[in-house]
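Here's the structure we're looking at; comments come further down.
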Amino acid sequence: MVQVNILDAMSNPEYFTDIIKRYAQVGEKLIIYMDVNGTILWDDTIMCLGQEEVLLSTMFGCIEVRPWASFAFAWDTQRTVRLELGKPKTLKQLVHDLANGDMRFYRSFWSSASCVRLLSELAAFGETRWTSSHGPDQPPLSPEGFSDLFCSYMEEMERQVVSQGMTASWFKCLAMLREGGHSVVIQSFGMDTHRVVRNSVDNERKVLHIAVNIELWSERDTKMFAEQFLPADSAKRSSKATTAPGQCLPSSLWGSWHGPLDWSCCREEELRRC
101 MVQVNILDAM SNPEYFTDII KRYAQVGEKL IIYMDVNGTI LWDDTIMCLG QEEVLLSTMF
161 GCIEVRPWAS FAFAWDTQRT VRLELGKPKT LKQLVHDLAN GDMRFYRSFW SSASCVRLLS
221 ELAAFGETRW TSSHGPDQPP LSPEGFSDLF CSYMEEMERQ VVSQGMTASW FKCLAMLREG
281 GHSVVIQSFG MDTHRVVRNS VDNERKVLHI AVNIELWSER DTKMFAEQFL PADSAKRSSK
341 ATTAPGQCLP SSLWGSWHGP LDWSCCREEE LRRC
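Each position in the sequence shown, counted from 1, maps to that position plus 100 in the working numbering.
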């Protein structure tokens, strides 16, 4: 398992392929498992996070606060979170702790102004550094440095002409896997795998979708799941993912496709069993 960073995937078209080549052995048949949100996609439909919000969240996942002493940190009316000396905490986890399950707060937090403000307030209690930063010779990350880097990443995102918010490195990786006759499984707890499939293959009906525990989903998730299979524009779609009586809807939780000649996993009777 390799933890990847969409910031690198966004700036380097060879990012995914370089990782695979580093660990794969010559002659192996590969099955690549990939997450969707924050890996292939810049946004997150189920969390109502756009490109800017996902970028900020991803950056905060790579930055940690290192307290000079144990202290209690409070943010507006949210609960107080205690940070301990010798126990660095990523800023993304700190935001989770401050939200304490309040998803409205969590979603609304992700703006550049809120992130810069959090960095500024934490500066009085400790250092904020990249999680990969080691040694005293590396300077702490300042609010101004964070803001400048965020703007640079946003400019890079705007320069990339990529379908539906997907990184160029994903399409490069998929082409390599197809050429080698390998397989790929995409997985998500969200609702965006079908969007990835739709923009990555010529015929989405040749891709097996599997839904997991759909009977436990919320009404909102079930509704969003069904709606994504409605044809948005039949002129632009190679096929319509509709459902005949007796069939089940494909799922957006898992999408699996194989090389250009290997579609045996997508038989109609398998779709009916999902």
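Even for Gly, the Cβ is constructed at its ideal location relative to N, Cα and C.
Bear in mind the structure is a predicted one, so any value in this text is a computation, not a measurement.
- A Cβ-Cβ distance of about 5 Å is found for the pair Val136 and Thr293, placing them in contact under the 8 Å criterion.
- Between the region 151-168 and the region 303-321, the count of C-beta pairs closer than 8 Å stays below three; the two stretches do not touch.
- Around the beta carbon of Leu249, fewer than 16 other beta carbons sit within 10 angstroms, so the residue counts as exposed.
- Cα atoms of Arg179 and Asp202: separation of roughly 11 Å, rounded to the nearest angstrom.
- Counting the other Cβ atoms within 10 Å of the Cβ of Ile131 gives fewer than 16, which makes it exposed.
- Here the alpha carbon of Gly186 sits roughly 16 Å from the alpha carbon of Ala224.
- Between Ile106 and Thr158, the CB-CB gap stays under 8 Å.
- Look at the beta carbons and you see the region 269-276 touching the region 111-125: at least three pairs across the two are nearer than 8 Å.
- Proximity to Trp168 across Phe289, Lys121, Gly281, Leu183 peaks at Leu183, based on C-alpha coordinates.
- Taking a contact as a CB-CB distance under 8 Å, the pair Val165 and Thr228 counts as one, their CB atoms being some 5 Å apart.
- The C-beta of Thr177 has fewer than 16 other C-beta atoms within 10 Å across all chains shown, which makes the residue exposed.
- Between the C-alpha atoms of Glu304 and Arg295 there is a straight-line separation of about 10 Å.
- Residue range 191-199 is occupied by the alpha helix (DSSP H) that includes Val195.
- A direct Cα-Cα distance of roughly 22 Å separates Pro331 from Ile314.
- Taking the CA atoms as reference points, Asp197 sits about 23 Å from Pro240.
- Here Thr322 carries a helix assignment [DSSP, helix/strand/coil].
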